[in-house]
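Asker: Top line first, the protein sequences correspond to chains H and W. This note's numbering applies: residue 4 is where the first sequence begins, and numbers increase by one. This note's numbering applies: residue 80 is where the second sequence begins, and numbers increase by one.
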Amino acid sequence: MYAAAFSYHRAASLQEAVKLLQDLGDDARIIAGGQSLIPLMKMRMTRPAALIDINFIPGLSEIQNSKGELRFGALARHADIEDSSVASAIPIVHDCATGIADVQVRNQGTIGGSLAEADPSGDWGTALLALDTTVVCFGPGGRHTVPFEAFIKDAYTTVLAHDEIVTAVHVKMPPKGSGGAHLAFKRSAPVYPTVSASVQLTLEDHNTCKDVRVILGCVGLTAIRAKEAEAAVRGKSLSEKNIQAASEAARAAAEPQSDMRGSAEYKRALVATLVKRAIAIAARRARGEHAEAGHEYVGR
Amino acid sequence: MNMSDVKKVLVRVRVNGEAREAEVEPRTLLVEFLREHLNLTGTHVGCDTTYCGACTVTLNGRTVKSCTLFAPMANGAEITTVEGLSKNGKLHPIQEAFAACHGLQCGYCTPGLLLSTLQLLKTNPKPSTEQMRKGIAGNTCRCTGYQNIFKSIRAAAAEMEKR
Chain H
4 MYAAAFSYHR
14 AASLQEAVKL
24 LQDLGDDARI
34 IAGGQSLIPL
44 MKMRMTRPAA
54 LIDINFIPGL
64 SEIQNSKGEL
74 RFGALARHAD
84 IEDSSVASAI
94 PIVHDCATGI
104 ADVQVRNQGT
114 IGGSLAEADP
124 SGDWGTALLA
134 LDTTVVCFGP
144 GGRHTVPFEA
154 FIKDAYTTVL
164 AHDEIVTAVH
174 VKMPPKGSGG
184 AHLAFKRSAP
194 VYPTVSASVQ
204 LTLEDHNTCK
214 DVRVILGCVG
224 LTAIRAKEAE
234 AAVRGKSLSE
244 KNIQAASEAA
254 RAAAEPQSDM
264 RGSAEYKRAL
274 VATLVKRAIA
284 IAARRARGEH
294 AEAGHEYVGR
Chain W
80 MNMSDVKKVL
90 VRVRVNGEAR
100 EAEVEPRTLL
110 VEFLREHLNL
120 TGTHVGCDTT
130 YCGACTVTLN
140 GRTVKSCTLF
150 APMANGAEIT
160 TVEGLSKNGK
170 LHPIQEAFAA
180 CHGLQCGYCT
190 PGLLLSTLQL
200 LKTNPKPSTE
210 QMRKGIAGNT
220 CRCTGYQNIF
230 KSIRAAAAEM
240 EKR
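1. Given Gln210/W, which residues of its chain have a CB within under 7 Å of its CB, disregarding the five upstream and five downstream residues?
2. Quick check on Leu219/H: buried or exposed, where buried means 16 or more other Cβ atoms within 10 Å of its Cβ?
3. Could you run through the stretch 118–144 of chain W and flag, in chain order, every residue whose CB is less than 7 Å away from some CB of chain H?
4. By a C-beta neighbour count over all protein chains shown, 10 Å radius and 16 as the cutoff for buried, is Lys70/H buried or exposed?
5. On a Cα-Cα basis, can you pick out the residue from Glu97/W, Gly96/W, Asn95/W and Leu113/W that is closest to Val103/W?
6. Let me know the secondary structure DSSP gives Lys205/W once reduced to three states.
7. Where are the beta strand (DSSP E) runs, 3 residues long or more, that stay fully inside the stretch 11–53 of chain H, in chain order?
8. Measure how close the beta-carbons of Asp105/H and Pro193/H come, nearest whole angstrom, since I'm counting them as under 8 Å.
9. Just reading off the alpha helix (DSSP H) that Arg287/H is part of, what are its end residues?
10. Alpha carbon to alpha carbon, how far is Ala6/H from Val110/W? Give it in angstroms, no decimals.
11. Which residues in chain H sit within 9 Å of Lys86/W, going by Cβ to Cβ distance?
12. With a floor of 4 residues, list each alpha helix (DSSP H) that falls wholly inside the stretch 60–144 of chain H, ordered by position along the chain.
13. Report yes if the CB atom of Glu295/H is closer than 9 Å to the CB atom of Ile284/H, and no otherwise.
14. Check whether the stretch 120–137 of chain W touches the stretch 168–175 of chain W, taking contact to mean three or more Cβ pairs, one atom from each stretch, closer than 8 Å.
15. Throw me the rounded Cβ distance for the Leu118/H and Trp127/H pair, which I believe falls under 8 Å.
16. When you compare the CB of Phe188/H with every CB in chain W, is at least one pair closer than 9 Å?
17. List the residues of chain H whose Cβ lies closer than 7 Å to the Cβ of Arg28/W, in chain order.
18. Counting contacts by CB-CB distance shorter than 9 Å, is Ser165/W in contact with chain H?
19. Which residues in the same chain as Gly191/W place their Cβ atom closer than 6 Å to its Cβ, once the five residues preceding and following it in sequence are excluded?
20. Can the beta-carbon of Lys156/H be found closer than 9 Å to that of Thr49/H?
21. Using beta carbons (cut-off 9 Å, strictly below), is Gly37/H in contact with chain B?
22. Would DSSP call Thr137/W helix, strand or coil?
23. May I ask you to list the residues that DSSP assigns as paired with Ala171/H?
24. Within its chain, find whatever has a CB closer than 6 Å to the CB of Ser91/H; leave out the 5 residues flanking it on each side and keep chain order.
25. Suppose only complete runs of 4+ residues qualify. What are the alpha helix (DSSP H) ranges in the stretch 216–260 of chain H, listed by chain order?
26. Terminal residues of the continuous alpha helix (DSSP H) containing Ala178/W?
27. Any beta-carbon of chain W closer than 9 Å to the one on Asn68/H?
28. Taking Cβ-Cβ distances shorter than 9 Å, what residues in chain W pair up with Tyr5/H?
29. Just reading off the alpha helix (DSSP H) that Arg233/W is part of, what are its end residues?
30. For chain W, find out if any of its Cβ atoms is closer than 9 Å to the Cβ of Ser16/H; answer yes or no.
31. From what residue to what residue does the beta strand (DSSP E) around Asp157/H run?
32. State the Cα-Cα distance for the pair Thr208/W and Cys180/W, rounded to the nearest angstrom.
33. Please report whether the beta-carbon of Met152/W lies at a distance below 9 Å from any beta-carbon of chain H.
34. Taking CB distances under 9 Å as the criterion, tell me whether Arg221/W reaches chain H.
35. Which chain H residues sit within Cβ distance under 7 Å of Ser207/W?
36. Phe75/H CB to nearest chain W CB: under 9 Å?
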């Protein structure tokens, strides 16, 4: 399959990329890993007249632990994050990176591209909402940061102006006694999840939930923060009854649509199950126990 | 935009150790660049939708789906295709293992699976079955049911450990 014809421009710096976006106009798009954009272009669901390739801009792939934050360059590939001992300091980040699509896609796709694409089924959009995340953007006025909860406005829509680019993603280290998990269920490895769920919680003593975030992916136009689910466990013990209440509240908070991945009812059932599992795993991790979490699929 | 309006782009790569170049339309996919412009037809087009992995090649040491990269994005890259696996007419141990263990039937997915196996064993010389499953999760085979592929990977790992 061929994409519609476009002109190709290789940016050597962020300044040049911004200038190209301004000069080439509204039909120009940035390309990073291309793992979402290229399939969309091949299916002619989008037809940019110009592509600006930022893969050759140096210094955009670093992963650092600095000033209490994990800092990811926008071009850090999912596989870079999966393999990074620095990034594994936040388990939820590792769960997410290691479960995205398959080896080949993780080798090429980028964290910055995933956020800028704002696909409602994208894993990073769900996992990073469970943490204190800021997106670093670069435009004609220089660099500025946007809290992640304000960055994605709608499906495939961010606050980025046409001449702005994501350059980095900063994730605050969770406090001591905090644990998280990102879980997803997908039909097979290469596809987007049917449903994903991210939970980050902080324990006060061994079993009281001091603070918590519950995020649902793939079941709305953007990732959904399930506040009623959080209220069901915040300030309370993580008893089976309270976890069940949180899982039911999450089921109610989901806004799924029936599609080829499953019926709305099926997706709600998945939400309830994944949230229940994610809370249990997050709690074990908060206690310092080892617990596996990640993407489930047939043939795994 | 008309095709005639588009400026062609010179793409220079090293494929299987050899410097190659061609001037192509920017929308040329890497797999088409390899097959149609460099005449390296070992890399297959399967689903053409980033699913099946038949088009898998190694780009700067890491596997990618070459149907999901525009050729200009690979400029300057070091690429290995299935044609680069054998050395001096002798098959790579991974190729030997797939042949010996019947790791293929129709063979269409095999070029991609060989390169995914190479990537897996390079990072993990003794993978568990679970790790093998994860390592080739991006490659679809509709013939074998995968069991003989796992046998092949185990045999290749054992042989490569000896060398």
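Even glycine gets a Cβ: it sits at the ideal position worked out from N, Cα and C. Quick caveat, the model's predicted, so the values are computed rather than measured.
Answerer: So, from the data block:
1. Asn203
2. The Cβ neighbour count for Leu219/H, taken over all protein chains shown within 10 Å, is at least 16; the residue is labelled buried.
3. Asp127, Thr128, Thr129, Tyr130, Gly132, Thr135, Arg141, Thr142, Val143 and Lys144
4. By the beta-carbon neighbour count (other beta carbons within 10 angstroms, threshold 16), Lys70/H is exposed.
5. For the options Glu97/W, Gly96/W, Asn95/W and Leu113/W, the alpha carbon positioned closest to that of Val103/W is the one of Leu113/W.
6. coil
7. 31–34
8. At roughly 5 Å, the Cβ-Cβ gap stays under 8 Å, so Asp105/H and Pro193/H are in contact.
9. Ala267 to Ala289
10. 14 Å
11. Ser10 and Tyr11
12. 81–86, 94–102, 106–111, 114–120 and 126–130
13. Cβ distance < 9 Å, so Glu295/H and Ile284/H count as in contact.
14. no
15. 6 Å
16. no
17. Within the shown structure, residues of chain W are numbered from 80 to 242, placing residue 28/W beyond reach of any answer.
18. no
19. Gly132, Ala133, Thr135 and Asn218
20. no
21. You won't find chain B in this structure, because its protein chains are H and W.
22. strand
23. Gly76/H and Val139/H
24. His97
25. 230–236 and 243–256
26. Start and end: Pro172 to Ala179.
27. no
28. Glu104, Arg106, Thr107, Leu108 and Glu111
29. Gln226 to Lys241
30. no
31. It spans Ile155 to Asp157 - the beta strand (DSSP E) in which Asp157/H sits, taken as one unbroken run.
32. Rounded to the nearest angstrom, the two C-alpha atoms are 16 Å apart.
33. Chain H contact via Cβ: present.
34. no
35. Near Ser207/W there are no residues of chain H at all, since even the closest Cβ is about 13 Å away, more than 7 Å.
36. no
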